[in-house]
Every structure is written in C-alpha cells, then in structure tokens.
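The sequence shown finishes on residue 253 if you use the working numbering, and the numbering steps up by one all the way, no holes. The C-beta atom is built at its ideal place from N, Cα and C for all residues, glycine as well. Worksheet for the structure shown next.
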Amino acid sequence: MTHSPTYWMRLGLSAALLSLAACGEAGGARAPSVANSGSFPLADAADTSETPLDAALLMPEEERAVLIASQVAAGAALARAGEADDAAEHLRLAISEVKPGGLTRLVESGLEPDLFDAAAEALTSDAALDEIDAKLVAVEENVSFLRANASGKASDLIALLIKRCQKAYEAGVSLNNRVEDPIAYQDAYGYAFVAQDLAAGLASENASGLQLELKLLVLMWPANGPVSGDVPAPPMTFLSQISRVETELSTIQ
C-alpha cells in the first residue's frame, strides 16, 4: 500500500487527536517487540590527535548494539517485502565495521558476523524463500542476544535512536517530499522501529504516552516497512511527530 498526500494530511490530524487523548488515559498500547546502522558518530573522548582510535571503540557497547539492531530491523522488513538488494545492503552495513576487528567487544558479547554475511548472500542469490527466512531469523535472534548482553538504559538508547532517526530522515527525504536517499530513508525506519521496541519494555507509569507517539512515528512508513515507491511523510509532519516523541521521552528520563 502506498501513501498519498491526502493520507498524510489525515494522519497528521489523527496523530494530534490521539496525542491529546493519550494525555487523559492511563496505560496504553504496547509496541510489538522485535529482534534488529549506517555511519556511527564518535562518543565524547579525549584528544586522539597523537594516536588515532577506532571509532567503534569510542562508542558504548549498548549503543553499538541498538544501531546494529536498527539496520537489521530495516533489512528484515525490506527482505520480507521482496526488496532483497536493499535488505542485503542493510545487513552488510550492520557489520561493516566489525570485520577490521574494531568491534571485538561486541563479538565477545555474542555478535556473529558470519550470520549477517550468510543472510546477505542468500538475499542476493537464488536461495529459496524458506532458506532466506531462516537466515534472517538467525540474524534477528543473534541481535536479540547481543542486545540482552549489552543492556543499557532504555530511555538513553531511545534518545540516541530518535536523534539518528531525525537526521536520517532529513538526509533521505527532500523538502519537496521526495525520497532522495533510499538507504537513509530506510535507516530512519530502523531507528524508529527499535526505539518503539525499547519503549515497549519500559515499566514507568508515564511510558504509555511515549509508546503511543513512537507507534505513530513508525506509522509514518507503510505497514510492510520502508518500501520503494511510497509517498513519504512530509518532512515537517515527520519532525512534528519527532517533537512529540521527545516531549514524552522527557517525562520518563
């Protein structure tokens, strides 16, 4: 299903009404849990001008884990929507910095890069659909295991993902509402999807508002993910929803 401009006008109004309704309700629908980055920024670190450090070593393990998970979320959605080449690209991006040895800690925590390679290879070959799905499930299970070992504070990880989501969407969708960079547009979906999954596990009594806003954020894409040919949400509509997510997130940090 593709989205028309009229759809986005209606969704914007619906999002506003649902947000207002959520303010007066206790509890809320929990986002579905799933298993799941592009370029990764450096965390704050000391001056490295004398001895260059691997960027992966400067980012906390739990942050790397959710960013890898985001690439897998995007890749799995695309694979199951029949967009194998883009799906394989996201699986490769997820571990693109593992092979030089920069993510030793993640491998020690359970990451299995060979599973990603096998799934990407199956997607771009003549492998049977059941074989592809089995390899995707293996990757998703591996990422779930990695995330459990990496742990981390959910609200902080959601904040990271929402910032990444906004930047990726701005890079992927132009102001005249065209997908200019499909991979960035797909990345944004992965970040939003994993943020929704993290929010589903929050026990805070204030979490229902955040869960609702993240659900609405994910609904900015079609039900089957960031597929090609869809009319993307207008950037201003998207940014308004990001703002609502951040407002709700601020109440539980």
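Neighbourhood of residue i by C-beta, 8 Å cutoff - its chain only, sequence neighbours within 5 removed
i, result
"ILE68", "ASN36, SER37, ALA94, ILE95, LEU106, LEU111, VAL143, LEU146"
"TYR185", "ALA168, TYR169, GLY172, VAL173, VAL179, PRO226, PRO232"
"LEU13", "With a pLDDT of only 46 at LEU13, under 50, the local geometry of the prediction cannot be trusted, and the value read off the model is given with reservation. None."
"LEU175", "PRO235"
Cross-strand partners of residue i (DSSP beta bridge)
i, result
"VAL173", "VAL179"
Distance between beta carbons of residue j and residue i, contact taken as under 8 Å
i, j, result
"ALA195", "LEU214", "6 Å"
"ALA199", "ILE158", "6 Å"
Sub-8 Å separation of residue i and residue j beta-carbons
i, j, result
"ALA84", "LEU115", "no"
"ALA74", "GLY190", "yes"
"ALA76", "GLU140", "yes"
"GLU89", "ILE183", "yes"
"VAL245", "LEU202", "no"
"LEU136", "ALA223", "no"
Other residues of its chain near residue i: CB distance less than 7 Å, five sequence neighbours each side excluded
i, result
"ALA150", "GLU61, GLU62, ALA65, SER109"
"GLU205", "none"
"ILE132", "ALA79, ALA122, LEU123"
"PHE238", "TYR169, MET220"
"ASP126", "none"
"ASP44", "Low local confidence applies: a pLDDT of 39 at ASP44 is under 50, so the model's placement there is unreliable, and no value is given."
"THR247", "none"
"ASP181", "ALA171, GLY172"
"MET236", "none"
"PRO41", "Reliability of the predicted coordinates at PRO41 is poor, the pLDDT of 40 falling under 50, and the value obtained from them is presented with this limitation in mind. The answer is none, since no qualifying residue turns up."
Residue range of the alpha helix (DSSP H) that includes residue i
i, result
"ASP114", "113-123"
"GLU63", "61-80"
"ALA128", "Per DSSP, ALA128 belongs to no alpha helix (DSSP H) and is neither H nor E."
"THR251", "First-last for THR251: undefined, no H or E at that position."
"ALA88", "84-94"
"VAL153", "Correcting the residue type first, residue 153 is Lys in the shown sequence and not Val. Here LYS153 belongs to no alpha helix (DSSP H), and DSSP marks it neither H nor E."
"LEU210", "207-218"
"LEU106", "104-108"
Any non-hydrogen atom of the ligand NAP closer than 7 Å to residue i Cβ
i, result
"ALA200", "Looking for the ligand NAP in the displayed structure turns up nothing, as the structure carries no ligands at all."
Close beta carbons around residue i, own chain, < 6 Å, minus the five adjacent residues each side
i, result
"LEU91", "GLY75, PHE116, ALA119, ALA120"
"ALA138", "LEU115"
"ASN177", "PRO234"
"ASP86", "LEU78"
"ILE242", "GLN166"
"GLY152", "GLU62"
"ARG164", "TYR191"
"SER240", "none"
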